[in-house]
Amino acid sequence: MDKQKTIVVAHTILERGGNVVVIDKASFFGGNSTKATSGINGAGTEAQMRNEIKDSSSVFFQDSKKSARELARDDLLHVLTGKSGDAIKWLTEEFKLDLSKVARLGGHSQPRTHRGEGGQFPGMTITYALMEKLEDLAQSQPNRAKVLKKSCVTRLLQDNDLTVTGVEYEKDGQKFTELGPVILATGGYAADFGDNSLLAKHRPDLMHLPTTNGPWSTGDGHKMVLGIGGAAVDLEKVQVHPTGLVDPKEPDSKVKFLAAEALRGVGGLLVDNQGQRFCDELGHRDYVTGRMWEIKKDPIRLILNGPASRQIEWHCKHYVGRGLMKKFTNGFDLAKEMGVSSDALKKTFQDYNDIAHGKKKDPYGKKFFFDKGDEWKMDDTFHVAQMTPVLHFTMGGVEINASAEILGEQGTIPGLFACGELAGGVHGANRLGGSSLLGCVVFGRVAGDSAARYMLTENLNGKAAQRLGLLGAHVAGQPLETKVRIDPSNSKLTLEYSWGHQDDSNAGTSQPPAQSEPARQGDRTTAQMEPEKIDEPASKKTENKSEFTVEDVKKHTSKDDCWVIVHDEVLDVTNFLPEHPGGEKAIMLYAGRDATEEFDMLHPPGVIQKYAPQSVIGSVKK
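Numbering follows UniProt numbering, in which position 443 of the sequence shown is assigned residue number 443; successive positions increment by one, without gaps.
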């Protein structure tokens, strides 16, 4: 499958003593989780206590229920919010992640959205830490963890009792099967614009909108589950985020980057084309989007003053580097850019100051404002970007219970679990910012626990039945027969034993756990596959490479011929574009130029050498 929650599931099962095979149709783990920009929610955490934030899981539950409205599922919300503190603790202790900075997002009564002090996008930081540890485990303990990328699951396997027993998947044009309980973590359908589109079926009115999602968000898991009689809930509930960043060079692009909700959490204002506020910037996402559509005064701009910008400096610097945000040294230049008078913009700022200080009542009911001394004034610096509503998240999905078991018409579907965006009903009618990453971790852990418990129960029940059968045969006085089978092709020895001339299907077998199902004719099992090749170190691949001038690199700026510079190395990323987890556009913004500064904002050291060494074609000529 794919997405960050898959990695969470894998780590959880390994912690519980199980073995795991992770199947991902993409070249890299992470999915949309790597794009998460504001942080991960948690209530009652150490970071909150250090900052004297009085929060609890019960307060978080009430905030989430209010956002979910009439579609709130108390059982799922109790799991999400009640385990949120433990989720933060697990990430910080097991993966040594810094989640010490806490902010307030829209719809939250307390600051509870965690990110690191370093400023990097928390989604990428969290995902990379989990991914790196899992891949290390797959290398050091290949008998316990296996990672299969560029592999697409095509169907769920079931026995005569409709228990899910495994999956069939395709890799390199061949079919394979893998047996065991199945945890689906395939994400949502906010980029499902093709044939058999869930968006077209359930929300055709939103098909024209751009999306923040990667091309993998096509509802694959939903369609597989529905195909075997699984239940779905709230498929019409699609979250349209109010603050997609408009690229001035490509204003009509179908894929857009998200302006983190944390930009408003630190004090950013939304204004219309007349420079006037029109909403509570920290209202629920559907409310803010609705106001944007209602007033119809584009372009809508998000403005951060100096104090707000300094609280989230890294994000602003990143957006400016991508050409999606501008910096102004004073409000007069900003007013000129907006095409409004300086007096009009000044009045907006002064009115907001008066509201924040309690001198006026906010017509939009805003409750949370900037710190004292951070007033808005024309003599200040500003970061500004144009906003547009974007498809962002799907609250609808397959129906689950509080144990992350997928439901069908007759109750739970044995052997099948779901987590992350695929799991419907968790967020009701509207998701709170920061709860997407949280849902990945919490329900990823729950699904992993449930699947491990299911495996243990099935294993114990099977062995108990086997022992009873053998005992009965022994009491009946049948002679003991043993068979030893040796398979030289995979160095496997199988010992079979029975009393009398039992059918082989009832014989006892001693063999390693978690064997793959024999494939149908023409197919192969995972065990028959050749080990995935590991790229040779970049140090070998870059020997005797050419030198290029900066002017040489500037000539390669198209999708069919794209070069970039990172740390004085020249990369030909043409073939890598469709595999980049952040999408092609994330690289194309830097085509033909030095992307070192922006690259370092998102990526840890060594990522090129580990995942794309073949892209390095030379160095910059000094």
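Ideal Cβ placement from N, Cα and C applies to all residues, glycine included.
Note that the structure is a prediction, hence the values are computed from the model and not measured.
Asked, Found
"Between the segment 318-328 and the segment 244-257, do three or more beta carbon pairs fall short of 8 angstroms?", "yes"
"Our contact map puts His222 next to Val398 with C-beta atoms below 8 angstroms; I'd like the distance itself, whole angstroms only.", "6 angstroms"
"Suppose the cutoff is 6 angstroms on Cβ atoms and the five residues either side in sequence are ignored; what does the same chain contact list for Ile13 look like?", "Val20, Gly448, Ala452"
"Going by the DSSP bridge assignment, what does Trp563 pair with across the sheet?", "Asp572"
"Please classify Arg277: does DSSP put it in a helix, a strand, or coil?", "strand"
"Say whether the segment 56-70 touches the segment 118-135, bearing in mind that this needs 3 or more beta-carbon pairs closer than 8 angstroms, one atom from each stretch.", "no"
"Measuring alpha carbon to alpha carbon, tell me which of Val616, Pro613, Val607, Ile617 ends up nearest Met124.", "Val607"
"Exposed or buried, His357, counting other C-beta atoms within 10 Å across all chains shown (16 or more means buried)?", "exposed"
"Under 7 angstroms between the Cβ atoms of His241 and His392?", "yes"
"Using the C-alpha atoms, what's the distance from Ala418 back to Gln511?", "Here Gln511 scores only 38 on pLDDT, less than 50, and its place in the model should not be relied on; the value that follows carries that caveat. Using only the alpha carbons, I get a separation of about 29 angstroms."
"Give the straight-line distance between the Cα atoms of Leu245 and Leu80, rounded to the nearest whole angstrom.", "29 angstroms"
"Which runs of the alpha helix (DSSP H) at least 4 residues long sit entirely within the segment 178-209? Give them in chain order.", "198-202"
"My output table needs one value for Asn143: the three-state DSSP class, helix, strand or coil.", "coil"
"Does Lys297 come out as helix, strand or coil in the three-state DSSP assignment?", "coil"
"Which of the three DSSP states is assigned to Ser440 in this structure?", "Sequence check: residue 440 is Cys here, not Ser. DSSP places Cys440 in helix when its eight states are reduced to three."
"Taking Gly166 as the reference, which of Lys175, Ile7, Gly180 has the closest Cα?", "Gly180"
"Check for me: the alpha helix (DSSP H) holding Lys326 runs from which residue to which?", "It is not in any alpha helix (DSSP H) - Lys326 instead sits in the beta strand (DSSP E) that spans 326-328."
"Are the segment 574-593 and the segment 558-566 in contact at 8 angstroms, needing three or more beta carbon pairs?", "yes"
"Can you tell me the Cβ-Cβ gap for Arg277 and Thr381, rounded? I've got them flagged as a contact below 8 angstroms.", "Not a contact, Cβ separation roughly 20 angstroms."
"By the three-class DSSP mapping on this structure, what secondary structure does Phe176 have?", "strand"
"Taking the runs of the beta strand (DSSP E) that are 3 residues or longer, which of them lie wholly in the segment 4-88?", "20-23"
"How far does the alpha helix (DSSP H) with Lys367 in it reach, from first residue to last?", "Looking at the DSSP string, Lys367 is not in any alpha helix (DSSP H), and its letter there is neither H nor E."
"Can you tell which of Asp205, Gln614, Gly420 has its C-alpha closest to the C-alpha of Met187?", "Note that residue 187 corresponds to Gly in the displayed sequence, not to Met. With distances taken between Cα atoms, Gly187 lies closest to Gly420."
"Could you spell out the range, first to last residue, of the beta strand (DSSP E) harbouring Tyr590?", "Here Tyr590 belongs to no beta strand (DSSP E), and DSSP marks it neither H nor E."
"Hey, would you say Ile7 sits closer than 7 angstroms to Thr45, going by beta carbons?", "no"
"Buried or exposed: where does Trp293 fall if 16 or more other Cβ atoms within 10 Å of its Cβ makes it buried?", "exposed"
"Which value, in whole angstroms, describes the spacing of the CA atoms of Glu366 and Asp280?", "Per the sequence shown, residue 366 should be read as Lys rather than Glu. Those two C-alpha atoms are separated by around 5 angstroms."
"Can Gly415 and Val164 be called in contact, C-beta distance under 7 angstroms?", "yes"
"When you compare the CB positions of Ala129 and Leu137, do they come within less than 7 angstroms of one another, or not?", "no"
"Keeping to the same chain, check which residues put their C-beta closer than 7 angstroms to that of Gly268; ignore five residues upstream and five downstream.", "Glu281, Leu302, Ile303, Leu304, Ala308"
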